[in-house]
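**Student:** Attaching a single structure in structure tokens format; questions to follow.
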Amino acid sequence: MSESADVAIVGYGPVGQLLAILLGQRGFRVHVFERWPEPYPLPRAVHFDHEVARILQSAGVMAPLAGHTEPAPIYEWRNAAGEVLLRFGRDTERSLSGWPESTMFCQPTLERILDERARALPSVSVERGFEVTALAETDGHAEVVADGADGARRRVRARWVVGCDGANSFVREQMGVAWHDLGFAFDWLVVDVVPAERRTWEPVNWQLCDPARPTTLVSGGPGRRRWEFMRLPHETLDELNDEATAWRLLAAWDVRPDNARLERHAVYTFRARWADVWRRGRLFVAGDAAHLMPPFAGQGMCSGLRDAANLAFKLDLVLAGRAREGVLDTYTSERLPHVRTTIDLSVALGRVICVPDPAEASARDRRMIAEARERKSPVSAELPPLGPGLLAAGAPSAGRLFVQDRVRRSGTTGLFDDVVGRGFVLVSPHGDPAAALDAPLAAFFESVGGICAHVGPDGPIADLDDAYARWFAAHGVAVVLQRPDGYVFGAAPRLDEAGSLVAALREQL
Ligand SMILES: Cc1cc2nc3c(=O)[nH]c(=O)nc-3n(C[C@H](O)[C@H](O)[C@H](O)COP(=O)(O)OP(=O)(O)OC[C@H]3O[C@@H](n4cnc5c(N)ncnc54)[C@H](O)[C@@H]3O)c2cc1C
389 MSESADVAIV
399 GYGPVGQLLA
409 ILLGQRGFRV
419 HVFERWPEPY
429 PLPRAVHFDH
439 EVARILQSAG
449 VMAPLAGHTE
459 PAPIYEWRNA
469 AGEVLLRFGR
479 DTERSLSGWP
489 ESTMFCQPTL
499 ERILDERARA
509 LPSVSVERGF
519 EVTALAETDG
529 HAEVVADGAD
539 GARRRVRARW
549 VVGCDGANSF
559 VREQMGVAWH
569 DLGFAFDWLV
579 VDVVPAERRT
589 WEPVNWQLCD
599 PARPTTLVSG
609 GPGRRRWEFM
619 RLPHETLDEL
629 NDEATAWRLL
639 AAWDVRPDNA
649 RLERHAVYTF
659 RARWADVWRR
669 GRLFVAGDAA
679 HLMPPFAGQG
689 MCSGLRDAAN
699 LAFKLDLVLA
709 GRAREGVLDT
719 YTSERLPHVR
729 TTIDLSVALG
739 RVICVPDPAE
749 ASARDRRMIA
759 EARERKSPVS
769 AELPPLGPGL
779 LAAGAPSAGR
789 LFVQDRVRRS
799 GTTGLFDDVV
809 GRGFVLVSPH
819 GDPAAALDAP
829 LAAFFESVGG
839 ICAHVGPDGP
849 IADLDDAYAR
859 WFAAHGVAVV
869 LQRPDGYVFG
879 AAPRLDEAGS
889 LVAALREQL
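Going by my numbering, the first residue of the sequence shown is number 389, and it counts up by one from there.
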């Protein structure tokens, strides 16, 4: 059977699912192949950040997810004596993106909700039980061949192919790109537990940096707890990857078969790897296919979902004929430096906890406690701006994440993206940015679906919690051109410079 699609996606983990939704919502024909007939049931991600919440909002899944998540703003790292080595987060309800800084959830639940959303889109088709085994590029298309278990074979012709096919990516292999490895590798037993009774866990999320058994203790979403236990040098993988071992290690936390259900357990080797090129011709990689990191910053899936948001709006522009194909190269140049920082952060955190040697651990404790006293954080959790790409080079705030917060327009109250809209948005608290665009620029801006938003006391859009007023004051600018993925394309100190931002966008596209 041969079909055609705008985009073929290989792999239907969270990254492939989100990409299918973001493209399907824009009306593009998306064909997904997933090797396994059933969803992957094992424990993995439990945390996403505020930016990812905004991305999931754009995919229409934050509402159905609501009963399955809980915020957890503080994340502590303690030594065996209970002293705090590191502390991340602030006890605030909302963040830059209008959602909690940190949200805890269960990955199989998120995948179920993403799947329901993707399948509800008429232009998305998902074929489970088909493994992609060959890729070829011909006359402006790529051909994808997928084989089913019963000998069935599918062929799809697509303009673009995105490998969201995980750590051992077939698509990455076909692209022939370098796969770098930082050499970080530790084995951990990961256990998801459903306690029979409600218990208060204080702190909710923390790491026990005890050389006798480095341990992660975090929420796994409402009603669930996650433990991760590092393999000690004298243990074998088989000893660790055993249900009896899981119960033995959980007993130290008063978790037993009579007061809890062990939902699943698995041993993972945490690694730090990345591909140095994410597009070659008609092929792309995204998510774990493009990068791997240890889970200590809770950023592996988050990074993949950022990839999908970045790539989706660029594929939209190119497929709709509104941008040249070269724009697609900015996917790697923007995302790779961002991901490299996230990998380095995850490894730096890993080097704090993955210490089974008591002498090394006690030297670490002394150093980190002294640094905490001097208020020096040895590890910064700040994520950087995007690398160079589809940005107004040199403009203030270009490549930084922009604010989203509560607004009201014509009696409708909600988060900005839901009330005002998504896409390229010119935002100013000082007046209507549309007034700064001449007729050709206004026509161009309209052709890319641009939106002008005057948010403030005198504007049609009320800034309900002064979040926009604060952001603009803190950054010393009067107008921002926001991209569809929520990042700042560029900003300017005067409202009448809005035209130069739109002109720079026209030039780049
Ligand atoms: C213990 C643990 C804890 C974690 N905690 C966090 C966390 O708190 N926060 C966070 O952000 N991240 C976390 N992560 C990372 C996160 O789980 C992954 O980054 C995420 O699942 C990657 O999603 P993906 O869609 O890129 O890849 P995957 O989920 O691996 O999906 C890839 C899919 O592609 C399919 N596939 C592969 N090859 C083919 C082929 N040839 N044809 C068809 N289909 C194919 C596979 O079957 C699979 O379904 C954690 C990971 C682990 C292991």
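All C-beta atoms, glycine included, are put in the ideal place defined by N, C-alpha and C.
Once DSSP output is grouped into helix, strand and coil, what is the label at H456?
**Tutor:** Here the question's residue 456 lines up with position 68 in the sequence shown. In this structure, H456 counts as helix in the three-state DSSP scheme.
**Student:** Reducing DSSP to helix, strand and coil, say where N556 ends up.
**Tutor:** Here residue 556 refers to the residue found at position 168 when the sequence shown is read from its first residue. N556 falls in the coil class under three-state DSSP.
**Student:** Taking 7 angstroms as the line, does the beta carbon of P431 fall inside it for any heavy atom of ligand 1?
**Tutor:** Locating residue 431 in the sequence shown gives position 43, where the first residue counts as 1. Yes, the beta carbon of P431 sits closer than 7 angstroms to at least one heavy atom of ligand 1.
**Student:** Which of the three DSSP states is assigned to R661 in this structure?
**Tutor:** Working through the sequence shown from its first residue, we reach residue 661 at position 273. Looking at R661 - three-state DSSP - the assignment turns out to be strand.
**Student:** In the DSSP assignment, find the unbroken beta strand (DSSP E) run with C840 in it and report its ends.
**Tutor:** Your numbering for residue 840 matches position 452 in the sequence shown. Run containing C840: I839 to H842, per the beta strand (DSSP E) assignment.
**Student:** State the Cα-Cα distance for the pair L789 and F476, rounded to the nearest angstrom.
**Tutor:** To locate residue 789, count along the sequence shown from 1; it is residue 401. To locate residue 476, count along the sequence shown from 1; it is residue 88. Between L789 and F476, the C-alpha separation is close to 19 angstroms.
**Student:** Determine whether the Cβ of D646 lies closer than 8 angstroms to any Cβ atom of chain C.
**Tutor:** Annotation note: the requested chain C is absent from the structure, which comprises a single protein chain.
**Student:** Between the beta-carbon of S557 and the beta-carbon of A677, is there less than 8 angstroms?
**Tutor:** As a position in the sequence shown, residue 557 is number 169, starting the count at 1. As a position in the sequence shown, residue 677 is number 289, starting the count at 1. Result yes, Cβ atoms of S557 and A677 sit closer than 8 angstroms.
**Student:** If you run the structure through DSSP and keep just helix, strand and coil, what is P902?
**Tutor:** With the chain represented from 389 up to 897, any question about residue 902 goes unanswered, as that position is not in the structure.
**Student:** Are W666 and R723 touching if we call contact CB-CB under 8 angstroms?
**Tutor:** To locate residue 666, count along the sequence shown from 1; it is residue 278. To locate residue 723, count along the sequence shown from 1; it is residue 335. Yes; because the gap between Cβ atoms is below 8 angstroms, this pair is in contact.
**Student:** Rounded to whole angstroms, what's the CA-CA distance from A374 to R432? Just pull it up for me.
**Tutor:** Limits of the chain in this structure are 389 at one end and 897 at the other, which puts residue 374 out of reach.
**Student:** Is D575 near N698, with beta carbons less than 8 angstroms apart?
**Tutor:** As a first step, residue 575 is located in the sequence shown; it is residue number 187 there, counting from the start. As a first step, residue 698 is located in the sequence shown; it is residue number 310 there, counting from the start. No, these two residues do not count as a Cβ contact at 8 angstroms.
**Student:** Can you tell me whether L803 is helix, strand or coil according to DSSP?
**Tutor:** Start at 1 with the first residue of the sequence shown, and residue 803 comes out as number 415. L803 falls in the strand class under three-state DSSP.
**Student:** Below 6 angstroms CB to CB, which residues in the same chain sit around P821 once its five sequence neighbours on both sides are set aside?
**Tutor:** On the sequence shown, position 433 is the one that residue 821 refers to. Excluding sequence neighbours, P821 sits near L814, C840, V867 and A886.
**Student:** If you draw a straight line from the alpha carbon of A850 to that of L484, how long is it in whole angstroms?
**Tutor:** Your numbering for residue 850 matches position 462 in the sequence shown. Your numbering for residue 484 matches position 96 in the sequence shown. Their backbone Cα atoms lie some 17 angstroms apart in a straight line.
**Student:** Select from P429, L407, P682 and Y428 the residue whose C-alpha is nearest the C-alpha of H419.
**Tutor:** Taking the first residue of the sequence shown as position 1, residue 419 is located at position 31. Taking only the C-alpha atoms, the option nearest H419 is L407.
**Student:** Does at least one heavy atom of ligand 1 sit under 7 angstroms from the Cβ of C552?
**Tutor:** As a position in the sequence shown, residue 552 is number 164, starting the count at 1. Answer for C552: yes, Cβ within range of ligand 1.
**Student:** With burial defined as no fewer than 16 other Cβ atoms inside 10 Å of the residue's Cβ, what is the status of L625: buried or exposed?
**Tutor:** By 1-based counting over the sequence shown, the position of residue 625 is 237. Its Cβ having fewer than 16 others within 10 Å, L625 is exposed.
**Student:** Mind checking whether G844 and G401 have CB atoms under 8 angstroms apart?
**Tutor:** Taking the first residue of the sequence shown as 1, we reach residue 844 at position 456. Taking the first residue of the sequence shown as 1, we reach residue 401 at position 13. Taking 8 angstroms as the Cβ cut-off, G844 and G401 do not qualify as a contacting pair.
**Student:** Among residues of its own chain, excluding the 5 on either side of S513, which ones have a beta-carbon nearer than 6 angstroms to its beta-carbon?
**Tutor:** By 1-based counting over the sequence shown, the position of residue 513 is 125. For S513, where only same-chain residues beyond five positions count, the Cβ hits under 6 angstroms are H419.
**Student:** Could you check whether the segment 576–583 touches the segment 609–617, counting it as contact only if at least three pairs of C-beta atoms, one from each stretch, sit closer than 8 angstroms?
**Tutor:** Short answer: they touch.
**Student:** Taking its Cβ as the centre, do 16 or more other Cβ atoms sit within 10 Å of N647, making it buried, or is it exposed?
**Tutor:** Locating residue 647 in the sequence shown gives position 259, counting from the first residue. It counts as exposed.
**Student:** Quick one: what does DSSP say T633 is sitting in, helix, strand or coil?
**Tutor:** On the sequence shown, residue 633 is found 245 positions in, with the first residue counted as 1. Note: T633 maps to helix in three-state DSSP.
**Student:** Please state whether the Cβ-Cβ distance between S607 and V434 is less than 8 angstroms.
**Tutor:** As a working mapping, residue 607 is identified with position 219 in the sequence shown. As a working mapping, residue 434 is identified with position 46 in the sequence shown. Yes, the Cβ-Cβ distance between S607 and V434 is below 8 angstroms.
**Student:** Taking 8 angstroms as the limit between beta carbons, can you name the residues of its chain near A685, skipping five residues before and five after?
**Tutor:** Start at 1 with the first residue of the sequence shown, and residue 685 comes out as number 297. Cβ neighbours of A685 beyond the five flanking positions: T730, L733, S734, L737 and A769.
**Student:** Check P773 in the structure and name its three-state DSSP category.
**Tutor:** Stepping through the sequence shown from its first residue, residue 773 is reached at position 385. Here P773 sits in coil by DSSP.
**Student:** Find the nearest neighbour of D538 within the set V559, F832, R516 and A530, judged by alpha-carbon distance.
**Tutor:** In the sequence shown, the residue the question calls residue 538 occupies position 150. Selected option, being the one with the closest Cα: R516.
**Student:** Express the C-alpha separation of W594 and P965 in angstroms, rounding to a whole number.
**Tutor:** The question about residue 965 has no answer here: the residues shown for the chain are numbered 389 through 897.
**Student:** Anyone know if the C-beta pair for G554 and V673 falls short of 8 angstroms?
**Tutor:** Taking the first residue of the sequence shown as position 1, residue 554 is located at position 166. Taking the first residue of the sequence shown as position 1, residue 673 is located at position 285. Cβ atoms of G554 and V673: not closer than 8 angstroms.
**Student:** Taking a contact to mean a Cβ-Cβ separation below 8 angstroms, would you say G609 touches T457 in this structure?
**Tutor:** Working through the sequence shown from its first residue, we reach residue 609 at position 221. Working through the sequence shown from its first residue, we reach residue 457 at position 69. Contact: yes.
**Student:** How is the beta strand (DSSP E) around S607 delimited, first residue to last?
**Tutor:** Indexing the sequence shown from 1 puts residue 607 at position 219. That run of the beta strand (DSSP E) goes T603 to S607.
**Student:** A566 bridges to which residues according to DSSP?
**Tutor:** As a position in the sequence shown, residue 566 is number 178, starting the count at 1. DSSP output for A566 lists no bridge partner at all.
**Student:** Apart from the five residues on each side of it in sequence, which residues of its chain come closer than 6 angstroms, Cβ to Cβ, to V544?
**Tutor:** By 1-based counting over the sequence shown, the position of residue 544 is 156. Within the same chain, V544 has close Cβ partners E391, A393, A396, H419 and V532.
**Student:** Is the CB-CB distance between A660 and M681 below 8 angstroms?
**Tutor:** Residue numbering aside, residue 660 sits at position 272 when the sequence shown is read from its first letter. Residue numbering aside, residue 681 sits at position 293 when the sequence shown is read from its first letter. Yes. Within cutoff.
**Student:** In whole angstroms, what separates the C-alpha of T491 from that of I443?
**Tutor:** For the purposes of this step, residue 491 is taken as the residue at position 103 of the sequence shown. For the purposes of this step, residue 443 is taken as the residue at position 55 of the sequence shown. So the two alpha carbons sit approximately 13 angstroms from each other.
**Student:** Taking 8 angstroms as the limit between beta carbons, can you name the residues of its chain near D806, skipping five residues before and five after?
**Tutor:** Position 418 of the sequence shown, counting from 1, holds the residue named residue 806. Taken in chain order, the residues that qualify are Q445.
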